[in-house]
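Below: one structure, written as structure tokens.
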Amino acid sequence: MVIVASDNGIPQRKNVTDIKIKVTDINDNAPKFTKSSYTGSVLVANAKEGDKVLTVSAQDPDIGNNSKIIYRFSNVSPHLNLDGDTGVISLASDLSSVTENTMINLTVIASDHGEVPLSSAGDVNLNGFCSYKDLDYIPGYICHKYIPLYKIYDLFIM
Ligand SMILES: [Ca+2]
Ligand SMILES: [Ca+2]
1 MVIVASDNGI PQRKNVTDIK IKVTDINDNA PKFTKSSYTG SVLVANAKEG
51 DKVLTVSAQD PDIGNNSKII YRFSNVSPHL NLDGDTGVIS LASDLSSVTE
101 NTMINLTVIA SDHGEVPLSS AGDVNLNGFC SYKDLDYIPG YICHKYIPLY
151 KIYDLFIM
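Sequential numbering of the sequence shown, starting at 1, is according to the UniProt record's numbering.
Here it is in structure tokens:
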């Protein structure tokens with residue numbers, strides 16, 4: 001910002017000075033998730049490690065580090081990875097250990113990089129479906145990605 005000071009003399013004299021204003025932000029906002037809960041689903045039989053499941057996202061109206069967000073799970077899951085910078089949640093395994101329909105509920109914490117960081121929590125629900133649609137009518141069939149379909153039929157035909 002430039003300030004000009006002048007007098008009313010003749011000739012008019014004036015002086016120019018430069019003022020720097022530093023804007024400082026107080027970290028007075030916690031990150032806020034765009035949704036209160038996020039839900040995704042995977043078909044276990046087709047699951048591959050690294051498959052993207054869903055993306056969580058939070059916003060923070062502060063400035064600079066006070067608005068920079070990092071994501072983490074409140075507790076670790078053997079099935080899911082969370083990218084702390086992007087909020088992308090992906091499969092940590094091919095789910096071969098999952099043998100029946102599974103529901104995973106996790107909490108994601110979003111924290112800013114303020115000197116005193118502020119955080120908030122969001123829920124993530126993942127439904128792992130073992131079923132093939134056309135096999136849904138078979139009660140109690142074994143769900144495992146390494147059992148080919150015809151073997152599942154064999155189990156019930158015998
Ligand atoms: Ca602020
Ligand atoms: Ca903040």
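Ideal Cβ positions, reconstructed from N, Cα and C, are used throughout, including at glycine.
- Taking a C-beta distance under 8 Å as the contact criterion, residue 59 and residue 34 qualify as a contact pair.
- Note that the C-beta distance between residue 7 and residue 62 is not below 8 Å.
- In this structure, 1 is the residue among 38, 1, 30 with its C-alpha nearest to the C-alpha of residue 20.
- Contact check for residue 53 against residue 44 fails: the beta carbons are separated by 8 Å or more.
- Between ligand 1 and the CB of residue 51, the shortest heavy atom gap is not smaller than 7 Å.
- Counting of Cβ neighbours within 10 angstroms places residue 78 among the exposed residues, the total staying below 16.
- By the beta-carbon neighbour count (other beta carbons within 10 angstroms, threshold 16), residue 76 is exposed.
- For residue 39, the enclosing beta strand (DSSP E) starts and ends at 37 to 43.
- Listed in chain order, the non-local C-beta contacts of residue 81 below 8 Å within the same chain comprise 89, 90, 91, 92, local neighbours out to five positions each way being set aside.
- DSSP places residue 46 within a helical segment (H, G or I) once states are collapsed to three.
- Burial is judged here by how many other beta carbons sit within 10 angstroms of a residue's own beta carbon; residue 122 has at least 16 and is buried.
- For residue 110, the enclosing beta strand (DSSP E) stretches over residues 102 to 112.
- Contact between residue 128 and residue 104 holds: their C-beta atoms lie close to 7 Å from each other, under 8 Å.
- With distances taken between CA atoms, residue 57 lies nearest to 120 out of 120, 18, 115.
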